[in-house]
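Quick note, the sequence shown lines up with residues 1 to 110 if you use full-length UniProt numbering.
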Amino acid sequence: MKQYVIDEIRYPDYEKVKAYLDETFGVSGVDGLYWIPLDETLYSNVQQAHTGCAPFFMALELEENRLVGELLIRTRNRVRCDCIHYADGRQRDWLIQTMDTIFEKLDIIT
């Protein structure tokens with residue numbers, strides 16, 4: 001799995017990130033997993049064509065010492081489809097910026 005990882009998170013910062021993710025994105029039913037909706041303007045051509053599969057998401061996994069952003073774009077409507085694929089450059093940059101912005105908003109130094 002291709003990922004962007006921010007590690008060595010201190011426990012008080014973990015609690016701040018968890019509270020932010022819970023409030024902003026809600027719980028997914030899997031402890032520590034959050035579904036981040038991908039901005040529609042960033043959909044690939046295949047994703048734009050697969051309106052029945054939309055919306056598309058990127059997953060964040062929060063552990064006590066790290067936050068992991070998975071670079072696989074998924075839909076919650078299907079397990080396998082051509083529209084489920086690794087992020088292109090724009091999508092990857094968006095995920096990295098989204099994760100970095102969370103830490104900036106919470107005044108967490110990494």
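We treat Cβ as the ideally placed atom computed from N, Cα and C, and that holds for glycine.
Just so we're clear, the structure is a prediction, and the values are computed from it rather than from any experiment.
Leaving out five residues before and five after residue i in sequence, what residues of the same chain have Cβ atoms less than 7 Å from its Cβ?
{"i": "residue 11", "result": "64"}
{"i": "residue 1", "result": "70, 72"}
{"i": "residue 33", "result": "59, 61"}
{"i": "residue 13", "result": "108"}
{"i": "residue 102", "result": "17, 20"}
Would you grab the beta carbon distance between residue i and residue j for me? Rounded to a whole angstrom, and I think it's under 8 Å.
{"i": "residue 98", "j": "residue 6", "result": "Their Cβ separation, rounded to whole angstroms, is 12 Å, which puts residue 98 and residue 6 out of contact at 8 Å."}
{"i": "residue 62", "j": "residue 17", "result": "6 Å"}
Within its chain, find whatever has a CB closer than 6 Å to the CB of residue i; leave out the 5 residues flanking it on each side and keep chain order.
{"i": "residue 56", "result": "38, 47, 73, 75"}
{"i": "residue 83", "result": "46, 47, 50, 53"}
{"i": "residue 22", "result": "none"}
{"i": "residue 90", "result": "42"}
Between residue i and residue j, what straight-line distance do the alpha-carbon atoms span, to the nearest angstrom?
{"i": "residue 107", "j": "residue 86", "result": "30 Å"}
{"i": "residue 78", "j": "residue 9", "result": "33 Å"}
{"i": "residue 29", "j": "residue 19", "result": "16 Å"}
{"i": "residue 88", "j": "residue 105", "result": "26 Å"}
{"i": "residue 15", "j": "residue 25", "result": "15 Å"}
{"i": "residue 81", "j": "residue 66", "result": "30 Å"}
Near residue i, which residues of its chain fall below 8 Å by C-beta distance, leaving aside the five closest residues on each side in sequence?
{"i": "residue 4", "result": "68, 69, 71, 92, 95, 96, 99"}
Specify, as a first and last residue, the run of the beta strand (DSSP E) that residue i falls within.
{"i": "residue 6", "result": "3-7"}
Open item on the list: Restricting to runs no shorter than 3 residues, where is the beta strand (DSSP E) found entirely within the region 15-95?
Closed with: 33-37, 56-63, 66-70, 72-75
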